[in-house]
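These notes are about the structure you will find just below.
Residue numbers (our numbering): 4 to 930.
Here it is in structure tokens:
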């Protein structure tokens, strides 16, 4: 989107003008003029970005702005690259500086010429800005910064949803009945109910059927339906409410209403509704700010009144309903059976499908993933096609993305759905990931940061701002959480197939992303971001790559020899900021990478690279170095030149079919001794410390005060105090993993007096004399792993049971005592418990009131335990009980009780399984 491109350009102007003092006369002023013009256009661009779909002339202007912003950014960065800024200090540095100035005089003349051309473009664009600004104006009121014309084209489509006959609807009975029960329930308090879900699920249609139902109508005295939308004006909304209230009782609206201020309008509504039972529906409310602008309009009155919101924003739904004693109905996609019924009804005008079209119909339907709007739109298109021609249907299936872009019958759906992301330009960059690819949470965040899509906010790390962006996408149902980590934080996302088709189309149109695997897509003249899926067959397009900013590869199936061809053509890949070659067939570090001085993000994860060259120090803009699951064991000292480095990810798992048996299952890397010089580091995973400089290295870690995650391998007993001293300085630390040199190696962290209070995850793998006293003070802890602790006289539960936010606890070879007792009141938020390798354990007791939220309990290799935990029946929330490699006596007793029907202790647990590794691999049986 143009606004995003201009934002990125403006962010680059200031450092350029600060660093480059030797611009030729007049050039600095012209660059400042260009900057000021773009700055002046940004507010209107927010409006224009939203309106361009309905205005071809405006669309051309927006494209001109976007391309000019890209091109000017390219010119500035190429200029900086050609000049360089590494002169050194002293007299020799001065001579080098003078020599460099003379050698680069040609480049300075070139930029002067380029800037002149760019200024001419900007002058023309500015004329268009003034023309369109005068014509369309700016939104002055309401909760949105957009023009009131934004949703004009889509209001008709929302209106269509209100006119549907109930016989045409599918899957509406259950949610309709639930909403009616909520609305007519005899509770005198004012309640707010929210219907939440992604665009296209049918929220408006559902609530309108409820609103019109006779039971609801007869239950209340006043009824109002208001469509809010993102660009509403508060005075217009209030006047709409007043008009409906007075029309319902067939009375004229108050005199002078059109000239009243906001407070007067609110007063009329409040007075009218006093002592009345009413139902107000606010359809399509976008954010909490909008809700807060009118939530105090209606009185409580204790008359059993109800307010209903429909929204795509999950946070708003929860906020509004919680505040007013209500509930949230999260509308779900249709089931496969409901989807098929709706599809057949709309496509074939009956409830069946011709057998020869059934396979293709289901394939097309699968792309809709239960979204009613998509099913109705695509069914409408297919209903006009020849039902006897399989080829024609196959063509539509294969070209569905193009149909979304160019078919008038699907245009309305496209527009309605696009409203969900029109103000979120970073969303289009999710299109970089191939279809059905799970999107890694941290990978996406680091890519966004490297590309400059994330705006800095005072008091927040830029990654935290990016997480806020992701939360907004989740709230609007634009992405769905696919998997979570054990501490309940999001691990991966997925995107609805239809959403992906739409944003792939839009990102291609705006030259935000080029997907090399999408064969039907035309290549833009200047490819700026390239995503390659499977293989490299695109080097014939290399002339288009001279302005490439981002190159990502997925599912690599051939070698990267062609990377050198791309890098050597014209200006090569000199502007590249992101290079993600995850999983590529690569055994040596590509030399071409060392010429990419603008690189901020480098991933060679999952390759067979073994050595990182010393000249890596040339990449002084690098922020992320992802070398996980490679064969690299050491990083060169030159890495200390990378002062912007924020994330070093380098470790490799040692695969083992039974990981709990092997002590060491992960290898880290040998870091430069003076690692403390990398003051921007946030993640350091995972450093080896069992070497001559290990003690010094651990001391240096204390200088990394921005660290969020620290992982240490092979900690020696004598280095525990040094590590404690460093940890006391790491107040931002969220995750700490420490492993000893061997299973009998002692981890001595008792001298830690001031532990990092923000710590969420703690893993200690090695022998402990006792559970560190400071753990009990870490109230932010969500996940704790203690492994090979071999505690004898100390019950680990005593120190852990009071942790207020602990969700997961894993105890592996932790305790050598005979009994563990989970006492009443302990572990109030624990959801997952794993007890493994507790060789001396005979009994586990669970007192009533302990672990009330526990969902998963797994016991593995506790071979002396012959009975189920005493009091397991108290764990009423338990959903899974796993018993792996347990005693024959326990398994025999369990099976006998099941045969006799005497399983009352575990009858409430939905999933019970028994597993073992007697055959050398996991074998699991469910009871």
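In this text, a Cβ means the ideal position worked out from N, Cα and C, and glycines have one as well.
Distances from the CA of residue 642 to each of 628, 74, 655, 395 were compared; the closest alpha carbon is that of 628. In this structure, residue 857 and residue 833 form a Cβ contact; the two beta carbons are roughly 6 Å apart against a cut-off of 8 Å.
According to the DSSP assignment, residue 247 belongs to the alpha helix (DSSP H) that extends over 237 to 251.
The continuous beta strand (DSSP E) containing residue 309 extends over residues 309 to 314. Note that the region 283 to 290 touches the region 311 to 322; at least 3 beta-carbon pairs, one per stretch, sit closer than 8 Å. For secondary structure counted as the alpha helix (DSSP H) over 4 or more consecutive residues, the region 334 to 415 holds these complete runs in sequence order: 339 to 350, 361 to 371, 375 to 385, 393 to 401, 403 to 409. With fewer than 16 other CB atoms across the displayed protein chains lying within 10 angstroms of its CB, residue 354 is exposed. Runs of alpha helix (DSSP H) with 4 or more residues, each lying fully within the region 891 to 919, are found at 891 to 903, listed in chain order.
Cβ contact annotation for residue 861 (same chain, cutoff 6 Å, sequence separation greater than five): 837, 885, in chain order.
Partner residues in the beta bridge of residue 838, as assigned by DSSP, are 814, 862. Taken atom to atom, the span from the alpha-carbon of residue 190 to that of residue 307 is near 6 Å.
If you check the CB distance, residue 437 and residue 305 do not come in under 8 Å. Taking the C-beta atoms as reference points, residue 716 is found no nearer than 8 Å to residue 757.
In the three-state reduction of the DSSP assignment, residue 745 falls in the coil class, being assigned neither a helical nor a strand state.
Shown here, residue 536 sits in a strand according to DSSP, grouped into three states. Straight through space, the alpha carbons of residue 490 and residue 594 are spaced by roughly 39 Å. For residue 77, the secondary structure class from DSSP, reduced to helix, strand or coil, is helix. Between residue 866 and residue 890, the gap from beta carbon to beta carbon is short of 8 Å. CA-to-CA, the gap between residue 391 and residue 385 works out to about 12 Å. Counting the other CB atoms within 10 Å of its CB gives residue 325 a total below 16, which places it among the exposed residues. In this structure residue 248 is in contact with residue 275, their Cβ atoms being roughly 5 Å apart against a cut-off of 8 Å. Shown here for residue 450: same chain residues with a beta carbon closer than 7 Å to its own, the five before and five after excluded, namely 581, 604 in chain order.
The alpha-carbon of residue 714 is positioned some 13 Å away from that of residue 788. In the displayed model, residue 783 falls within coil according to three-state DSSP, outside both helix and strand. Across the set 790, 625, 887, 42, the C-alpha of 887 shows the shortest separation from the C-alpha of residue 921. Membership of residue 176 in the alpha helix (DSSP H) is indicated by the continuous run 176 to 187. Assigned with DSSP and collapsed to three states, residue 719 falls in coil, not helix or strand. Residue 333 is not a Cβ neighbour of residue 225, given a cutoff of 8 Å.
With fewer than 16 other Cβ atoms inside 10 Å of its own Cβ, residue 471 counts as exposed. Going by C-alpha positions, residue 550 is about 24 Å away from residue 42. Listed in chain order, the non-local C-beta contacts of residue 366 below 6 Å within the same chain comprise 400, local neighbours out to five positions each way being set aside. In this structure, DSSP gives residue 35 a helical state, which the three-state scheme calls helix. Excluding the 5 residues flanking it on each side, residue 271 has same chain C-beta neighbours closer than 7 Å at 245, 257, in chain order.
Spatial neighbours of residue 484 in its own chain (CB-CB distance under 7 Å, excluding positions within 5 residues in sequence) are listed in chain order as 477, 493, 496. Just measuring C-alpha positions, the residue of 340, 310, 344, 346 sitting nearest residue 329 is 310. Annotated as proximal: residue 630 and residue 653, with beta-carbon spacing under 8 Å.
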